[in-house]
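Input: a single structure, listed below in structure tokens.
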Amino acid sequence: GDFYDFHVINENRVGILIADVSGHGTPAAIISSMLKVVFALSAHVSGNPALLLERMNAILCEFTHGNFITAQYAVIDREKMTVTCANAGHWPMLIHREGEGLLFDRGKPGRVIGYFQDLRVENRMMPIQAGDRIVFYTDGFLEQRNRDGRMFGEDRFNETVNSFRGKPVASFISGLMDHLTSWSGLASGEAFEDDVTIVVADVLAF
Numbered sequence: 027g028d029f030y031d032f033h034v035i036n037e038n039r040v041g042i043l044i045a046d047v048s049g050h051g052t053p054a055a056i057i058s059s060m061l062k063v064v065f066a067l068s069a070h071v072s073g074n075p076a077l078l079l080e081r082m083n084a085i086l087c088e089f090t091h092g093n094f095i096t097a098q099y100a101v102i103d104r105e106k107m108t109v110t111c112a113n114a115g116h117w118p119m120l121i122h123r124e125g126e127g128l129l130f131d132r133g134k135p136g137r138v139i140g141y142f143q144d145l146r147v148e149n150r151m152m153p154i155q156a157g158d159r160i161v162f163y164t165d166g167f168l169e170q171r172n173r174d175g176r177m178f179g180e181d182r183f184n185e186t187v188n189s190f191r192g193k194p195v196a197s198f199i200s201g202l203m204d205h206l207t208s209w210s211g212l213a214s215g216e217a218f219e220d221d222v223t224i225v226v227a228d229v230l231a232f
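Counting from 27, one number per residue, gives the positions in the sequence shown under the numbering used here.
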């Protein structure tokens, strides 16, 4: 049920979508497939995160049949050095900035996709700078339980993200996943309780 995709808008702007379909199995997989198609068909509004999520909702509402989708879409603009995001019930992105630690998107998460025809979400713009690392994720990471039944949780996730700062992207992601596996007490090859998805974007200097 987890999904991510990108729109390359131009040489300075890229849009990143991360989403999580409710439920499991075949129904969630079918909706994820539809989500991919609808996202591709929304390329003409890819520069406006709120409008893109609202357009996607208008189409998907006809097909979700009681399921719903949490989603966040963000446009990173290297020319203006901003990230503009809209959130439909999803966990907010994190920005790691050297010297300042973690910065959070504190905007309202908005309502989920696929449940309300009149969905309205808001755009929020945040300044970014070279060296920032933007992290998108799904709730499978936060809701993973260990052998004692405790959830990994938001605070532990934030601490883990902060502890791997400065690592190359591939090492950063593998470090997060390895830490979650170890903390959960999972044996080699044993699956997480839910899909776990991490998308990382580093802001590079021109």
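Glycine included, each C-beta is placed from N, C-alpha and C at the ideal position.
Beta-bridge pairing by DSSP links LEU67 to no other residue. With respect to ARG104, ASN38 sits close: the two C-beta atoms are nearer than 7 Å.
Here the alpha carbons of THR207 and ALA45 stand approximately 22 Å from one another. In this structure, the alpha-carbon of ARG182 lies about 20 Å from that of VAL195. Excluding the 5 residues flanking it on each side, LEU79 has same chain C-beta neighbours closer than 7 Å at ALA97, TYR99, ALA112, ALA114, ILE139 and VAL147, in chain order. By the neighbour-count criterion, in which a residue is buried when 16 or more other Cβ atoms sit within 10 angstroms of its Cβ, SER68 is buried.
By the criterion of a C-beta distance shorter than 6 Å, ASN74 is surrounded by no residue of its chain, once the five residues flanking it on both sides are discounted.
By the 16-neighbour rule on beta-carbons within 10 angstroms, VAL63 is exposed. At a Cβ-Cβ threshold of 7 Å, GLY27 and ALA66 do not count as neighbours. DSSP, read as helix, strand or coil, puts HIS33 in strand.
With a contact defined as Cβ atoms closer than 8 Å, PHE94 and TYR163 miss out at about 18 Å. For HIS205, the enclosing alpha helix (DSSP H) begins and ends at 195-210. Assignment of beta-bridge partners to MET151 by DSSP yields THR110. Fewer than three Cβ pairs drawn from the segment 80-93 and the segment 121-133 lie within less than 8 Å of each other, which leaves the two stretches out of contact.
The Cβ atoms of SER72 and HIS33 sit closer than 7 Å to each other.
Here DSSP, grouped into helix, strand and coil, assigns ASP46 to strand. In the three-state reduction of the DSSP assignment, PHE94 falls in the coil class, being assigned neither a helical nor a strand state. Taking a C-beta distance under 7 Å as the contact criterion, HIS205 and THR223 do not qualify as a contact pair.
ARG159 sits buried, since 16 or more C-beta atoms from the chains shown fall within 10 Å of its C-beta.
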